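Worksheet: the structure to be examined is printed underneath.
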Amino acid sequence: MEFNFKYSLTEDDYAEYAAFTNWHAPWQKKERIKHAIKTFIYSLIFFIATIILLDRINSSGVDNYIVLIPISIVILILLTILEFYQAPFRLKSKARKLVRKEENVQVLNETDLFFDDSGIINNDKDVKVNLKWESIKKYAQTKDYFYVYLSSLQALVIPKKLFTSNNSIEKFDKFLTEKIPLSASFRSIGI
Numbered sequence: 002m003e004f005n006f007k008y009s010l011t012e013d014d015y016a017e018y019a020a021f022t023n024w025h026a027p028w029q030k031k032e033r034i035k036h037a038i039k040t041f042i043y044s045l046i047f048f049i050a051t052i053i054l055l056d057r058i059n060s061s062g063v064d065n066y067i068v069l070i071p072i073s074i075v076i077l078i079l080l081t082i083l084e085f086y087q088a089p090f091r092l093k094s095k096a097r098k099l100v101r102k103e104e105n106v107q108v109l110n111e112t113d114l115f116f117d118d119s120g121i122i123n124n125d126k127d128v129k130v131n132l133k134w135e136s137i138k139k140y141a142q143t144k145d146y147f148y149v150y151l152s153s154l155q156a157l158v159i160p161k162k163l164f165t166s167n168n169s170i171e172k173f174d175k176f177l178t179e180k181i182p183l184s185a186s187f188r189s190i191g192i
C-alpha cells in the first residue's frame, strides 16, 4: 500500500503541532503537572507577601484577615487554573511567531510525503529525506492531525483535511500502525 501527500503546512497547522507536542501530548502529562504546581507556588508566595504587606500597613486587627484569606485563596486557585489553560495558547502564539521568521519559513514549504512498505520519503524544495520505519520515535493522532515523530520535537505533520473520507483516514492510520515500531505508537484520546 502507498500514500502520497503534497501540501504546505499553515501557521495554524504548525501552531497546533507545537501545542500538542509541548503541552497536550500524553507524554507531557508530567510537565503539565509540574507547571501547575509551579504556578500555584508562585501565586501562593505572591499572596503571602501581600498579606504580610497589608498587615504591616494596616494593623487594625483580625477582621481584615477573615475577608482577605478566603478571597486570596479563591484568587490563588483561579490564577492557577487560568495559567494552566492559557499555556497552550501562548505556545501557539510563539509557534506562529517562530515560523514567520526568515530563517524558519522552510517549515511552511510545500512538502511531498510518500509512504510505502519500505519507509517514508520526505521531499521539499530544500531537502529530500528517506526514512526507514525503524527511525520513527513516536506516533500520535489527534482529531485533526497525524504526527509521525522523528525525534522528541521534530515530526511529520499530516493534516487530516488532506484525506477525502473517514475511510481513507482509517486506512492510513492502520497502515501507520502496522509499519511504525510498536514502541513508537502513542495514541492520543480525546484531543
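All residue numbers in the sequence shown are consecutive under the numbering used here, ending with 192. Glycine residues also receive a C-beta, built at the ideal position from the N, C-alpha and C atoms. Treat the numbers as computed from the prediction; the structure is a model and nothing was measured.
Comparing alpha carbon positions, the residue from Phe176, Lys93, Ile122, Asp145 closest to leucine 151 is Ile122. At the C-beta level, lysine 180 and tryptophan 134 come within 9 Å of one another.
Within the segment 19-95, the runs of alpha helix (DSSP H) at least 4 residues long that lie entirely inside it are, in chain order, 30-58.
Cβ contact annotation for leucine 92 (same chain, cutoff 7 Å, sequence separation greater than five): Ala19, Ala20, Asn23, Trp24, in chain order. In the three-state scheme derived from DSSP, where H, G and I count as helix and E and B as strand, serine 9 is classed as strand. Residue state for valine 128 is assigned as coil, using DSSP reduced to three classes. DSSP places aspartate 113 in the uninterrupted beta strand (DSSP E) bounded by 111-117. Taken atom to atom, the span from the alpha-carbon of serine 94 to that of isoleucine 82 is near 19 Å. DSSP places phenylalanine 147 in the uninterrupted beta strand (DSSP E) bounded by 146-150. With a threshold of 16 other beta carbon atoms within 10 Å, aspartate 14 meets it and is buried. A distance below 7 Å between beta-carbons, with the five flanking residues on each side excluded, links asparagine 167 to no residue of its chain. The same chain holds no residue with a CB closer than 8 Å to that of lysine 98 once the five nearest residues on each side in sequence are set aside. For isoleucine 159, the enclosing beta strand (DSSP E) stretches over residues 156-160. Under DSSP, isoleucine 170 forms no beta bridge with any residue.
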